[in-house]
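Peer 1:
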Amino acid sequence: MSEIHAMLDASNSLNIGADSALLLEKSVSVNIKEKLNLKSKLTADRQLLKTIVSPQRQSQKSKIKLELRSIVKEIAAKVTSSEINTEAHKVTAVIATLLGRSSSKIAASSKETSQGSSKVFTGSFPAMDDFSCQRCYELLYDPVTLPCGHTFCQSCLWISTMQNCVVCSKPLKQEELRLYRFNIVLVRILQKWHSVEYKGRSLTEKGINHLSKQNFGEAVKVLSEALSCVPGSHMALLHRAKAYYFLNLFDEALEDIFKVCQLAHAWPEAYYVKGEILYKLGCVEEALIAYFISLVLEPSKVCSRNKVRKILTQIIHHTEEREESDSKSLSPICRSPTNKKRSHGSCSTSPPYKLPCHLSTSSKDVVGLLGASDVFCEGVGSSNEVEEKTFKYLPHGYASELKIKSEDTCEMGSCLLHSHFPVDISYEEIRIKLEQEPVIDEKGQLIPVHLTPELESEIDRLLFNTESAVTRDLQTICNMSFNREVAVGGLLSISTTTLQRNVDQTLIDASDFECSLCMRLFYDPVCTPCGHIFCLLCIERCLDHNAQCPLCKRSMHHYMANAAESMEKLHPICDYVTKNIINQYLAVQLKERQQQHEEEIEELNQAQPIFVCTIAFPSVPCPLHIFEPRYRLMLRRCLEHNDKEFGMCMPVPGKPHHEVGTMLKVRDVTFFPDGRSVVDSAGFRRFRTSDCRVQDGYNVAKIKFIVDRKEADVDMIEQQMTVVYNDAVEWFTKLPVDTRTRIKSHFGDFPAQDNKINTENGPDWLWWVLAILPVEDRVKATILGNEDLLKRLGIFRKIFAILKRRNTER
Amino acid sequence: MAGLPRRITKETQRLLSEPVQGISATPDENNLRYFHVTINGPKDSPFEGGVFKLELFLPEEYPMAAPKVRFNTKIYHPNIDKIGRICLDILKDKWSPALQVRTVLLSIQALLSAPNPDDPLANDVADNWKRNEAAAIKTAREWTQKYAMSGGQ
Numbered sequence: 001m002s003e004i005h006a007m008l009d010a011s012n013s014l015n016i017g018a019d020s021a022l023l024l025e026k027s028v029s030v031n032i033k034e035k036l037n038l039k040s041k042l043t044a045d046r047q048l049l050k051t052i053v054s055p056q057r058q059s060q061k062s063k064i065k066l067e068l069r070s071i072v073k074e075i076a077a078k079v080t081s082s083e084i085n086t087e088a089h090k091v092t093a094v095i096a097t098l099l100g101r102s103s104s105k106i107a108a109s110s111k112e113t114s115q116g117s118s119k120v121f122t123g124s125f126p127a128m129d130d131f132s133c134q135r136c137y138e139l140l141y142d143p144v145t146l147p148c149g150h151t152f153c154q155s156c157l158w159i160s161t162m163q164n165c166v167v168c169s170k171p172l173k174q175e176e177l178r179l180y181r182f183n184i185v186l187v188r189i190l191q192k193w194h195s196v197e198y199k200g201r202s203l204t205e206k207g208i209n210h211l212s213k214q215n216f217g218e219a220v221k222v223l224s225e226a227l228s229c230v231p232g233s234h235m236a237l238l239h240r241a242k243a244y245y246f247l248n249l250f251d252e253a254l255e256d257i258f259k260v261c262q263l264a265h266a267w268p269e270a271y272y273v274k275g276e277i278l279y280k281l282g283c284v285e286e287a288l289i290a291y292f293i294s295l296v297l298e299p300s301k302v303c304s305r306n307k308v309r310k311i312l313t314q315i316i317h318h319t320e321e322r323e324e325s326d327s328k329s330l331s332p333i334c335r336s337p338t339n340k341k342r343s344h345g346s347c348s349t350s351p352p353y354k355l356p357c358h359l360s361t362s363s364k365d366v367v368g369l370l371g372a373s374d375v376f377c378e379g380v381g382s383s384n385e386v387e388e389k390t391f392k393y394l395p396h397g398y399a400s401e402l403k404i405k406s407e408d409t410c411e412m413g414s415c416l417l418h419s420h421f422p423v424d425i426s427y428e429e430i431r432i433k434l435e436q437e438p439v440i441d442e443k444g445q446l447i448p449v450h451l452t453p454e455l456e457s458e459i460d461r462l463l464f465n466t467e468s469a470v471t472r473d474l475q476t477i478c479n480m481s482f483n484r485e486v487a488v489g490g491l492l493s494i495s496t497t498t499l500q501r502n503v504d505q506t507l508i509d510a511s512d513f514e515c516s517l518c519m520r521l522f523y524d525p526v527c528t529p530c531g532h533i534f535c536l537l538c539i540e541r542c543l544d545h546n547a548q549c550p551l552c553k554r555s556m557h558h559y560m561a562n563a564a565e566s567m568e569k570l571h572p573i574c575d576y577v578t579k580n581i582i583n584q585y586l587a588v589q590l591k592e593r594q595q596q597h598e599e600e601i602e603e604l605n606q607a608q609p610i611f612v613c614t615i616a617f618p619s620v621p622c623p624l625h626i627f628e629p630r631y632r633l634m635l636r637r638c639l640e641h642n643d644k645e646f647g648m649c650m651p652v653p654g655k656p657h658h659e660v661g662t663m664l665k666v667r668d669v670t671f672f673p674d675g676r677s678v679v680d681s682a683g684f685r686r687f688r689t690s691d692c693r694v695q696d697g698y699n700v701a702k703i704k705f706i707v708d709r710k711e712a713d714v715d716m717i718e719q720q721m722t723v724v725y726n727d728a729v730e731w732f733t734k735l736p737v738d739t740r741t742r743i744k745s746h747f748g749d750f751p752a753q754d755n756k757i758n759t760e761n762g763p764d765w766l767w768w769v770l771a772i773l774p775v776e777d778r779v780k781a782t783i784l785g786n787e788d789l790l791k792r793l794g795i796f797r798k799i800f801a802i803l804k805r806r807n808t809e810r
Numbered sequence: 001m002a003g004l005p006r007r008i009t010k011e012t013q014r015l016l017s018e019p020v021q022g023i024s025a026t027p028d029e030n031n032l033r034y035f036h037v038t039i040n041g042p043k044d045s046p047f048e049g050g051v052f053k054l055e056l057f058l059p060e061e062y063p064m065a066a067p068k069v070r071f072n073t074k075i076y077h078p079n080i081d082k083i084g085r086i087c088l089d090i091l092k093d094k095w096s097p098a099l100q101v102r103t104v105l106l107s108i109q110a111l112l113s114a115p116n117p118d119d120p121l122a123n124d125v126a127d128n129w130k131r132n133e134a135a136a137i138k139t140a141r142e143w144t145q146k147y148a149m150s151g152g153q
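If you read the protein sequences in the order shown, they are chains A and B.
If you're matching positions, the first sequence starts at 1 in full-length UniProt numbering and goes up one per residue.
If you're matching positions, the second sequence starts at 1 in full-length UniProt numbering and goes up one per residue.
(1) Quick one: Cα of F611 of chain A to Cα of N40 of chain B, how far?
(2) Are any of the Cβ atoms in chain A nearer than 9 Å to that of R33 of chain B?
(3) Rounded to whole angstroms, what is the Cα-Cα separation between L237 of chain A and V196 of chain A?
(4) Helix, strand or coil for Q214 of chain A, going by three-state DSSP, please let me know.
(5) With burial defined as no fewer than 16 other Cβ atoms inside 10 Å of the residue's Cβ, what is the status of D680 of chain A: buried or exposed?
(6) How many angstroms separate the CA atom of W129 of chain B from the CA atom of A136 of chain B?
(7) Under 8 Å Cβ to Cβ from P529 of chain A, same chain only, skipping five residues before and after it: list those, please.
(8) Is the beta carbon of G683 of chain A less than 9 Å from the beta carbon of P629 of chain A?
(9) Cβ atoms of D708 of chain A and N755 of chain A: under 9 Å apart, would you say?
(10) For C87 of chain B, which residues in the same chain have their Cβ closer than 6 Å to its Cβ, ignoring the five residues on either side in sequence?
(11) Who are the near neighbours of Y279 of chain A in its chain, counting only those whose CB is closer than 6 Å to its CB and skipping five residues on each side?
(12) Using a Cβ-Cβ cut-off of 9 Å, state whether Q589 of chain A counts as contacting chain B.
(13) Any residues in the segment 515-528 of chain A with a beta carbon nearer than 8 Å to a beta carbon of chain B? Which ones, in chain order?
(14) Please compile the residues from chain A whose C-beta is within a distance smaller than 9 Å of the C-beta of S96 of chain B.
(15) For the beta strand (DSSP E) that contains C552 of chain A, what are its first and last residues?
(16) Kindly identify the DSSP beta-bridge partner or partners of N164 of chain A.
(17) Distance, Cα to Cα, Q505 of chain A vs K192 of chain A?
(18) Quick check: what's the CA-CA separation for C136 of chain A versus N183 of chain A?
(19) When you compare only the Cα positions, how much space is there between V284 of chain A and I293 of chain A?
(20) Look at the Cβ atom of G785 of chain A, then the Cβ atom of V660 of chain A, and state whether they are nearer than 9 Å.
(21) Counting contacts by CB-CB distance shorter than 9 Å, is I494 of chain A in contact with chain B?
(22) Determine whether the beta carbon atoms of C538 of chain A and C518 of chain A lie at a separation below 9 Å.
(23) Here's the rule I'm using: 16 or more other beta-carbon atoms within 10 Å means buried, otherwise exposed. How should H270 of chain A be labelled?
(24) Relative to the alpha-carbon of F250 of chain A, which residue among A:L604, A:N502, A:F522 and A:E276 has its alpha-carbon at the smallest distance?
(25) Would you mind sorting K173 of chain A into buried or exposed? The rule is 16 or more other CB atoms within 10 Å of its CB.
(26) Any residues in the segment 686-719 of chain A with a beta carbon nearer than 9 Å to a beta carbon of chain B? Which ones, in chain order?
(27) Flag this pair as yes or no: are the beta carbons of L139 of chain A and Y198 of chain A separated by less than 9 Å?
(28) Could you tell me which of B:P46, B:P27 and B:H77 sits nearest to K10 of chain B, measuring between CA atoms?
(29) Can you confirm whether the segment 12-23 of chain B touches the segment 102-113 of chain B when touching is taken to mean that 3 or more C-beta pairs between the two stretches lie within less than 8 Å?
(30) Taking the alpha-carbon of V166 of chain A as reference, which of A:Q134, A:I189, A:Y141 and A:D142 has the nearest alpha-carbon?
(31) Is P629 of chain A close to chain B? Criterion is C-beta to C-beta, closer than 9 Å.
(32) Based on the DSSP secondary-structure assignment, which residues constitute the bridge partners of H77 of chain B?
(33) Which bits of chain A does E11 of chain B rub up against, with CB to CB less than 8 Å?
(34) Among residues of its own chain, excluding the 5 on either side of R541 of chain A, which ones have a beta-carbon nearer than 7 Å to its beta-carbon?
(35) May I have a chain-ordered list of the beta strand (DSSP E) segments no shorter than 3 residues that lie completely inside the segment 650-737 of chain A?
(36) Do C622 of chain A and M650 of chain A have their CB atoms nearer than 9 Å?
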């Protein structure tokens, strides 16, 4: 049975990511020899495959099984730790082959089920617009807006295992997830604009709750009520199917699940449930396919994987057993019990045969059943254990069904009850997967491409040439266009009807979208963790003063940390749903609001912001720590609208600030989660201010740039400059070492002598020297404001003379 | 600042178009940040029947900073002192930019209905209020009659 272990191990590591496909390709090219070997075997296999269509040829079937098993064995022998992933793919390919074969037989059998699904679903198809949750594709219910600005139903966030936002992939901080409250504005709008659907959603949630508490009857009742509100709700249908399943109303369950697969045909959960129901009805091949689709759509879906493994193991195990008792005659067992159950339904045309395992259901097998189920329930953890217990395949006869019930219910039940939420892979992931492996037929997808193209086309043919409903599902998925627009609807429905929800125009009221801070229409709305919406600029300004929500006083520390992060990435946060709704439904008001916004920005740009703090010089670095609320606001505005520039003036008693200052250019900013920031800036132009006033707490002024006078005698000035430069170097080198180190760490190294004359600011090194001179700032400001280079040099000479004298005196 | 912030304009419009019962607030002709306010003494309070004059000023930082409000009419109240200053948390540390002139005035009206002698501003009044509430209420009524009713000061 070692090949079974191999298969189990392999399916354990079953993983269908795009990169593993690449990996596989690599390994295939490396192991050409092995590949050829495998290929020839599979090709031979394919020959056999063709002869197998008739169920009478049991011996050949067994041969194929044997063949497959030997391949699996061979691969298993090669499974080294380093190659485990790619080898797993090969195994999966084999499984796919096996499946392809099963599918061929399903052709007839699934006619019955196709009847079920061919009934045109008449309910309205779900809409997909801004009001939809990107997770469950239903109308947002109890919407929660994440820091990245994307909104989901609260239940989608809480119950699912979403690690990243499915829209933007931003990692979710699980510990914060439960802190987020409903988006209050959205709740109000959803209730007002989509009252019936919202009620349906609330009933669906209630039904799901009943289901999880195992009140199946109540769940069916409530979910049916929900469906009367929203006939096309795939969530309500899926969960009603589950509830029916637990009530043993499989026909009803099947009907619901077919609708679900039609409505949301890329939903792994739906296929899993479909598999469960079909399995219960004894349609093992169809169940297997459904499980497989589910697995392909969501490779990490453990329950689907276990089911696939379980059924495959049954098949192989059975074959083995059959070999042992080769002489036994194979009396095809009719699934009459199952058919009886479904006779009034659409299943009457089921074929008289099933997989080999069904052909030899014996009482002995039934006796062994309970032990086997136990093993399966444990998830087939250790293969040794599996081997020790002589488990049997699970027969699907009527007799056994009664016995299985409790077991199966407990096993499947835990999956059914706890996997409420769908689509653990984002739409994007599916798209990438399908794009990269274009030939993917549902399961076959795995590798046939790389193994044998003929084999693949064979599988393809077998699967797609049948008219079974199940394969049609596959086809729909595969043929789905992955154009973004189409796909959003495509994932959900095959309908091409409009996906936009209708909104009663009389219900639209701009006052529902009024910011409580500026009392105007939201502009760049953001949602706080407590669910309140404000204009981005309004809330930013409030948070400069107080790290609390202005409406409910809840702490905004988490929000601010996220905001700091996005500020640095220059990717402002935004509540996209609210923003889109405003864009779409309040276009006129928004235009007016935008105009106001632009006017305000224009007004801000009328005067230069002045940071009153210290004296700065052209070309000299000026690091700043910004913590005062007013300067936080100023900095944000400068970064956004003022080319990252602002003026720096030193304070002067009795005046707003010194009239001479230097423009600073921000080179880098680090925002702290509490709103403070460290700014790395450097001076570049000198100015003189006029019309000083205060705006939103900080100083602004009109400025006039200071430009050096034109000098005629360049030679003389160059001479002077060299003298001053040498004086400066001499003075600097005599400073204590630690002083020099401190200066260098703050202002940079002593600059080289540049002879900039007749430029705006003259030589840069002169400003550097001025910055470090032990002279009063008042004096420095006078020099800064002087537009005569020669005079400036003269002052420097005097200063150095004084410094020299002082040194010698000491 | 160049013009009056739009929010102040909007609040003023709404105060005038949808006035609160028992409260009036009119902007000063010369300074649109300065409001002349009257609050009617609430029913079933010692201030019933009185019309209290207040002044309200919106500072430059409003709404980041709270409005400045003061009673111009003398009032016997544990949370309002001799010169009309008001002890109300939302005018100090509990201020939020989401509050408005309207909500501030409503809070002051509520303060008249429910004096809080445990957080006093006028200590003597608060002491009286705690020691002999009936007497304090009587005084408050007398003051209301004397200063806040027509014919009063």
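For each residue, glycine too, the CB sits at the ideal point set by N, CA and C.
Peer 2: Taking the structure as given:
(1) Spanning the two alpha carbons is a distance of roughly 46 Å.
(2) For R33 of chain B, the answer is no, since every Cβ of chain A falls outside 9 Å of its Cβ.
(3) Roughly 17 Å between the two C-alpha positions.
(4) The three-state secondary structure of Q214 of chain A, taken from DSSP, is coil.
(5) Per the 10 Å Cβ criterion, exposed.
(6) Rounded to whole angstroms, the separation of the alpha carbons of A136 of chain B and W129 of chain B is 5 Å.
(7) Here the set comprises P147, E176, L179, Y180, R181, R554, M556, H558 and Y559.
(8) Contact flag unset, no.
(9) Their beta carbons are not under 9 Å apart, which means N755 of chain A does not touch D708 of chain A by this criterion.
(10) Here the set comprises N79 and L121.
(11) The residues are A287.
(12) Output row for Q589 of chain A: interface = no.
(13) Legend: CB atoms of the segment 515-528 of chain A lying less than 8 Å from CB atoms of chain B belong to residues S516, L517, C518, M519 and R520.
(14) Think of a sphere of 9 Å around the beta carbon of S96 of chain B: the chain A residues whose beta carbon falls inside it are C542, N546, Q548, C549, P550, L551 and K553, in chain order.
(15) It is not in any beta strand (DSSP E) - C552 of chain A carries neither H nor E in the DSSP assignment.
(16) A:P171.
(17) Taking the straight line from one Cα to the other gives about 11 Å.
(18) Whole-angstrom Cα-Cα distance: 17 Å.
(19) V284 of chain A and I293 of chain A: Cα-Cα distance of roughly 14 Å.
(20) Yes; because the gap between Cβ atoms is below 9 Å, this pair is in contact.
(21) Here the model assigns I494 of chain A a pLDDT of 35, short of 50, so the residue's position is not dependable, and the following value carries that caveat. No, I494 of chain A lies away from the interface with chain B (no Cβ there is under 9 Å from its Cβ).
(22) In terms of Cβ geometry, C538 of chain A and C518 of chain A form a close pair [threshold 9 Å].
(23) Here residue 270 of chain A is Ala; the residue named in the question, His, does not match the sequence. Result: buried.
(24) Selected option, being the one with the closest Cα: A:E276.
(25) Around the beta-carbon of K173 of chain A, fewer than 16 other beta-carbon atoms lie within 10 Å, marking it exposed.
(26) The segment 686-719 of chain A vs chain B, Cβ under 9 Å: R693, V694, Q695, D696 and G697.
(27) In this structure, L139 of chain A lies near Y198 of chain A, with their beta-carbon atoms less than 9 Å apart.
(28) Nearest neighbour of K10 of chain B by Cα position, chosen from B:P46, B:P27 and B:H77, turns out to be B:P27.
(29) Contact check between the segment 102-113 of chain B and the segment 12-23 of chain B: three or more CB pairs, one atom from each, fall below 8 Å, which counts as touching.
(30) Answer by Cα proximity: A:Q134.
(31) Output row for P629 of chain A: interface = yes.
(32) In the DSSP output, where bridge partners are listed per residue, H77 of chain B has B:I80.
(33) Neighbours of E11 of chain B on chain A, chain order: M519.
(34) Closer than 7 Å at Cβ, skipping near neighbours: L633.
(35) With a minimum length of 3 residues, the continuous beta strand (DSSP E) runs that stay inside the segment 650-737 of chain A are 660-671, 677-695 and 698-706.
(36) M650 of chain A sits away from C622 of chain A, with the two beta carbons spaced by 9 Å or more.
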